[in-house]
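Colleague: Counting from 2, one number per residue, gives the positions in the sequence shown under the numbering used here.
Handing you this structure, nothing more for now.
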Amino acid sequence: MSELNFLSELTGCFSRPCAENPSVAMVEAAYHRHGLDWRYINCEVPPERLGDAVLGARAMGWRGFNLSIPNKIEIIQYLDGLGESARIIGAVNCVVARDGKLIGENTDGKGFLQSLTDKVDPAGKSMVMFGAGGAARAIGVEVAIAGAAKITVVNRNAQRGGELVTLLNDKTPADADLVVWDGEYRIPDGTDIVVNATCIGLFPDVDARLPLDVDTLKEGMVVADVITNPPRTHLVRDAEARGCVALDGMGMLVNQGVIGIKYWTGIDVDASVMRAKLEAIFGG
Ligand code: NDP
């Protein structure tokens, strides 16, 4: 009998361990709340060992796992299929065992969309999004699939920004355009949703601010930040001070966890216990 038989189910995370991994703490809090005899463990897997790690997960009957940078794209070659948005985004952060096959999903954008739709239905709306990296791709594709009419990508690097705009125009129904970020950006009138999908404001650079004229944030706009640490970024506080509906990055992180657990276990878990765990780690 193998040592792992005492665990009824295993899910996992191929990333780098740290003292208290917020994702592990958050997912295990949900397992505990719902009495699930499951474990979510964190394994450091360098890209050159990724194929071996996937074989190991298959051999041990893992129900799935998450991936962090730099494994989100490399993983695709080792999987048996991809969900729709993961295929368009070209990156996988969540793998699910379905009928003996490992299927790659992208729950980052879905988690963001869940937070957003709690406040506003993006269908027919106009969105400005700062950034064109992995988080921006995932958010842009999901919001576009959900029916956003217009997405303006604002990015420093014109090539990366242009690639995302081309992807959105070619693979989704949304109308996307690029603004190369050079100096203080002014949000155009008529914008409904503003998203920071860059690393600006992430710990330890907590005092960093987006080059943005904050007076162009208008009452009623929904303003979302992807930064989780700290959750109350300058952007979140500036948006609240101007009467916008502000969303912090913890909602996205919690919701991608909720969606992943649903994929693995079939259970809708209580998001509040997961958020409470993150607030204990990052501060509310
Ligand atoms: P990437 O490295 O793929 O992309 C980073 C993006 O930020 C690029 O568009 C880059 O612009 C831009 N950027 C970085 N620094 C600056 C700066 N000083 N000025 C202007 N633009 C800048 O990172 P990810 O997309 O993977 O992650 C972005 C953020 O999203 C991270 O903070 C991450 O923690 C967060 N995240 C949050 C999640 C959540 O659940 N809340 C989930 C996933 C990510 P350029 O192309 O010009 O270099």
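Beta carbons: idealized from backbone N, C-alpha and C, even for Gly.
On a CA-only basis, which of N197, G57, A209 and G13 is nearest M130? Give me that one, please.
Modeller: N197
Colleague: Can you grab the Cα-Cα spacing for the pair A149 / D249, in whole Å?
Modeller: 20 Å
Colleague: For the candidate residues F283, A281 and S273, whose alpha-carbon lies nearest to that of R34?
Modeller: S273
Colleague: Taking only runs that begin and end inside the region 138 to 175, name each unbroken beta strand (DSSP E) of 3 or more residues, in chain order.
Modeller: The DSSP assignment places complete beta strand (DSSP E) segments of no fewer than 3 residues inside the region 138 to 175 at 151 to 156, in order along the chain.
Colleague: Roughly how many whole angstroms lie between the Cα atoms of A92 and N67?
Modeller: Those two C-alpha atoms are separated by around 12 Å.
Colleague: Nearest to G267 by alpha carbon, out of P48, A30, A60 and R64?
Modeller: R64
Colleague: Going by DSSP, what residue range makes up the beta strand (DSSP E) through W39?
Modeller: W39 to C44
Colleague: Using a Cβ-Cβ cut-off of 7 Å (strictly less than) and excluding sequence neighbours within five positions of A240, which residues of its own chain qualify?
Modeller: L218, V224 and A247
Colleague: For E45 and N107, I'd like the C-alpha separation in whole angstroms.
Modeller: Rounded to whole angstroms, the gap between the alpha carbons of E45 and N107 is 20 Å.
Colleague: Would you list, in sequence order, the uninterrupted beta strand (DSSP E) runs of no fewer than 3 residues that lie entirely inside the region 213 to 266?
Modeller: 223 to 226 and 246 to 248
Colleague: Among the residues of its own chain, which have a CB less than 6 Å from the CB of N158, if the five just before and after it don't count?
Modeller: none
Colleague: Does the beta-carbon distance from G162 to N156 come in below 8 Å?
Modeller: yes
Colleague: Which word fits V55, buried or exposed, when buried means at least 16 other C-beta atoms lie within 10 angstroms of its C-beta?
Modeller: So V55 counts as buried.
Colleague: Three or more C-beta pairs closer than 8 Å, one from the region 205 to 221 and one from the region 179 to 190: is that the case here?
Modeller: yes
Colleague: Determine the DSSP secondary structure at L68, reduced to helix, strand or coil.
Modeller: strand
Colleague: Please give the ranges of any beta strand (DSSP E) in the region 80 to 145, keeping only runs that are unbroken, at least 3 residues long and fully inside the region.
Modeller: 95 to 99, 102 to 106 and 127 to 131
Colleague: Using alpha carbons as the reference points, say which of L37, I76, E143 and V154 lies closest to I89.
Modeller: E143
Colleague: My output table needs one value for L8: the three-state DSSP class, helix, strand or coil.
Modeller: Confidence in L8 is poor, its pLDDT being 44 and thus under 50, which makes the residue's placement unreliable; the coordinate value appears in the next sentence. L8 falls in the coil class under three-state DSSP.
Colleague: Under three-state DSSP, which class holds A209?
Modeller: coil
Colleague: Going straight from the alpha carbon of Y186 to that of I77, what length do you get?
Modeller: Across the structure, Y186 and I77 are spaced so that their CA atoms are roughly 36 Å apart.
Colleague: Looking at the structure shown, is I194 part of a helix, part of a strand, or coil, going by DSSP?
Modeller: Three-state result, I194: strand.
Colleague: Does the ligand NDP have a heavy atom nearer than 7 Å to the CB of D178?
Modeller: With a threshold of 7 Å, the Cβ atom of D178 does not count as near the ligand NDP, since no heavy atom of the ligand is closer than that.
Colleague: Hey, would you say the C-beta of C200 is under 7 Å away from at least one heavy atom of the ligand NDP?
Modeller: yes
Colleague: Could you tell me how far apart the beta carbons of K151 and S116 are, in whole angstroms, since I believe they sit closer than 8 Å?
Modeller: Rounded to the nearest angstrom, the Cβ distance from K151 to S116 is 20 Å, too far for a contact under 8 Å.
Colleague: Below 8 Å on the Cβ atoms is my guess for G132 versus T199; work out the distance and round it to an integer in Å.
Modeller: Confirmed, about 4 Å.
Colleague: Are any of the Cβ atoms in chain D nearer than 8 Å to that of K219?
Modeller: The displayed structure is made up of one protein chain only, and chain D is not part of it.
Colleague: Rank T229, V270 and L236 by C-alpha distance to the C-alpha of V195 and give the top, closest one.
Modeller: L236
Colleague: Less than 8 Å separating the beta-carbons of M253 and V227?
Modeller: yes
Colleague: I'd like the list of long-range same chain contacts for G258, defined as Cβ closer than 6 Å, with 5 residues on each side in sequence excluded.
Modeller: Result list for G258: M27, V28 and M275, in chain order.
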